[in-house]
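Enquirer:
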Amino acid sequence: MSLLIKTKAIVLGSIRWQESSKIVTLFTRESGKIKVIARGALRNKSPFAGQLQTLNFGHAIFSEKTTRTLQILTAFDAEDNFNTLRLDLRRLPYALAILE
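In this text, residue positions in the sequence shown follow the working numbering: the first is 61, and each later residue adds one.
#1: Taking G110 as the reference, give the member of T129, V71, I158 and Y154 with the closest Cα.
#2: For L145 and S123, I'd like the C-alpha separation in whole angstroms.
#3: Which residues share a DSSP beta bridge with R76?
#4: Could you check whether R103 and S81 sit closer than 7 angstroms to each other, using their CB atoms as the reference points?
#5: I94 to R128, Cα distance in whole Å?
Laid out in structure tokens, this is it:
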């Protein structure tokens, strides 16, 4: 049985998986560091378009099952994208080092 979990999360990074999906690493207070799959995230009309970039903070809803290591992301609503930090080239390396 899978649980539907809604929590605040920050995107630590993502990689392309197959043709239209992404594997995203999130950090949450409740679950810690988790890996989720965002199916269809690379499609043009995806609800994840622009939401799953590194450093984005928002509300994540994912299906968690204890028998699998890769959970399924159903929704992500970005609350803050830290755009001022991304545009400051002196501070951006420090932010990315913290995410490592």
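Each residue gets a CB set at the ideal place from its N, CA and C atoms; glycine is no exception.
Expert: In short, the structure shows the following:
#1: V71
#2: Rounded to the nearest whole angstrom, the C-alpha separation of L145 and S123 is 31 angstroms.
#3: K82
#4: no
#5: 11 angstroms
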